[in-house]
Every structure is written in structure tokens, then in C-alpha cells.
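Numbering (my numbering), first residue to last: 725 to 905. Every residue, glycine too, gets a C-beta built ideally from N, C-alpha and C. Reading through the C-alpha cells given below for one structure.
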Ligand SMILES: C[S@@+](CC[C@H](N)C(=O)[O-])C[C@H]1O[C@@H](n2cnc3c(N)ncnc32)[C@H](O)[C@@H]1O
């Protein structure tokens, strides 16, 4: 199974980022930077993509490429939960968050982001793999259970409104409720 986001999926992210004129972008799970550089290509002027990845060699590759090409992408190395907690503590907030990381931790990522106001009021979160190859609904393996738990938890959260796009491996789109709850 390939880890890289598909070209058409990144085009969809770019569509949202252009439309919403996003400037502060967070990617949880960056791998070789395909999604990160794609998002950086269309972010608003002066913007930045902050990535998170646990693998030092992916982080080094992306950070070196970003420096060489003068692109404002920076990947922070570490477990996504730990890095997210420290970004929250520093008061970082984002208008676009792309979650494409360790499936059992999606609920925790969501809680850290929401409980610390890391998604700006007009911001948007996109979570990948929520259908888990069609298995999440049947809960037919451990990751499928994790994704079903995540979809159920987010759907029941009164602070947000969501829609699940049944394309690619399932994308859950999340935004704050209009009433700002
Ligand atoms: C599906 S790939 C990301 C693909 C990327 N978003 C793209 O557009 O090509 C998932 C990435 O999450 C990273 N990862 C897995 N578990 C992690 C964890 N607990 N904390 C941080 N990164 C993790 C992996 O090293 C891998 O690079």
C-alpha cells in the first residue's frame, strides 16, 4: 500500500485552500512532502505549511527540499500527539488542517485541536482514510474500528459540523458550527 496522497486528492485540497485563502496550514503525517508542497503551492501569500512526521529521514528530506527551493514548509519531527501538544502550548492556530497519520490516534488529534482552539473559526479540517478501504463501517479490522470510532465521535461533537466525502479512501471534512459553539 502506498503512503503518498494521490494527485487528484491533493488537487482537491488545493481547491479548498485556494477558495478559503488559507495561510496557516498544518499537515499531520507528511511523509515525503507531496501533500505539503502541493498545499504550499496554492496557499495565500506569506503562508506556511507546518508538517509533522515521526520519521527523521522524511523530515530531513522535506526540510532540505523546502530550504533549497525557498518554500515555506517546515516539518517537525516526533510523535504527532507530542508535537501537536507543544504546538498547542505555543498558541499556534491554523485555517487548514490535513490529517493523514496514525489511524488509532485520530481521536486524540481531534481532541487536542478542538480543546486548544487550534482550528480557526473559519478554518477547515480534512481527515483522510476515514472509510479505510470500505472496512470502517463493518469494523472489520483494528484500523477500521479506529476510523469508525473517530467518525462516530466527531459526528456527535456539537462544536463541529461534518460531511464525509466517499471519494479516495474517504475524506471527513470538518468545520466549526456557525453558532461558534
Ligand atoms: C500516509 S503517510 C502521509 C502522506 C502525506 N500526507 C502525503 O500527502 O503524501 C503517513 C505518515 O505518517 C507518519 N506517521 C505514522 N505514525 C506517526 C506518528 N505516531 N506520529 C507522527 N507521524 C506518524 C508516517 O511516517 C508517514 O510518513
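Report the option in 776, 901 and 824 whose CA atom is closest to the CA atom of residue 730. Answer by Cα proximity: 824.
Anyone know if the C-beta pair for residue 838 and residue 821 falls short of 7 Å? Against a cut-off of 7 Å, the Cβ pair of residue 821 and residue 838 comes out as no contact.
Check each residue's C-beta against every heavy atom of ligand 1 and list, in chain order, those closer than 5 Å. Ordered along the chain, the selected set is 727, 728, 729, 753, 755, 758, 759, 777, 778, 779, 803, 804, 824, 825 and 826.
Checking 7 Å against the spacing of the C-beta atoms, do residue 804 and residue 728 come in under that value? Cβ distance not < 7 Å, so residue 804 and residue 728 don't count as in contact.
Backbone CA spacing between residue 772 and residue 749 [nearest angstrom]: Annotation: residue 772 to residue 749 spans about 6 Å, alpha carbon to alpha carbon.
Three or more beta-carbon pairs under 8 Å between the region 795-802 and the region 771-787, yes or no? Because the criterion of three Cβ pairs below 8 Å is met, the region 795-802 and the region 771-787 touch.
Three-state secondary structure (DSSP) of residue 826: In this structure, residue 826 counts as coil in the three-state DSSP scheme.
Report the rounded CA-to-CA distance for residue 801 versus residue 812, giving the unit in angstroms. One C-alpha to the other measures close to 16 Å.
Less than 7 Å between the beta carbons of residue 876 and residue 899, yes or no? No, the Cβ-Cβ distance between residue 876 and residue 899 is not below 7 Å.
Could you give the distance in angstroms between the alpha-carbon of residue 882 and the alpha-carbon of residue 902? Rounded to the nearest angstrom, the two C-alpha atoms are 11 Å apart.
Sequence-distant residues of its chain with Cβ nearer than 7 Å to residue 905 (five each side left out): Confidence is the limiting factor: at residue 905 the pLDDT is only 49, short of 50, which leaves the residue's position unreliable, though a coordinate-based value still follows. Within the same chain, Cβ atoms closer than 7 Å to the Cβ of residue 905 are found at 882 and 883, the five residues on either side in sequence being excluded.
Assuming residue 767 contacts residue 783 under a Cβ cut-off of 8 Å, what Cβ separation, rounded to an integer in Å, is found between them? The C-beta distance from residue 767 to residue 783 rounds to 20 Å, too long to meet the 8 Å contact threshold.
Outcome for residue 851 when other beta-carbon atoms lying within 10 angstroms are tallied against a minimum of 16: Burial of residue 851 is indicated by the presence of at least 16 other C-beta atoms within 10 angstroms of its C-beta.
Nearest by alpha-carbon distance to residue 831: which of 741, 810, 845 and 872 is it? Comparing Cα positions, the closest option is 872.
Starting from residue 780 and walking both ways along the alpha helix (DSSP H), at which residues does that stretch end? It spans 780-793 - the alpha helix (DSSP H) in which residue 780 sits, taken as one unbroken run.
Mapping the DSSP letters down to three states, classify residue 905 as helix, strand or coil. Low confidence applies here, because residue 905 scores a pLDDT of 49, under 50, leaving its location unreliable and the question unanswered by this model.
Residue 813, DSSP secondary structure in three states: Here residue 813 sits in helix by DSSP.
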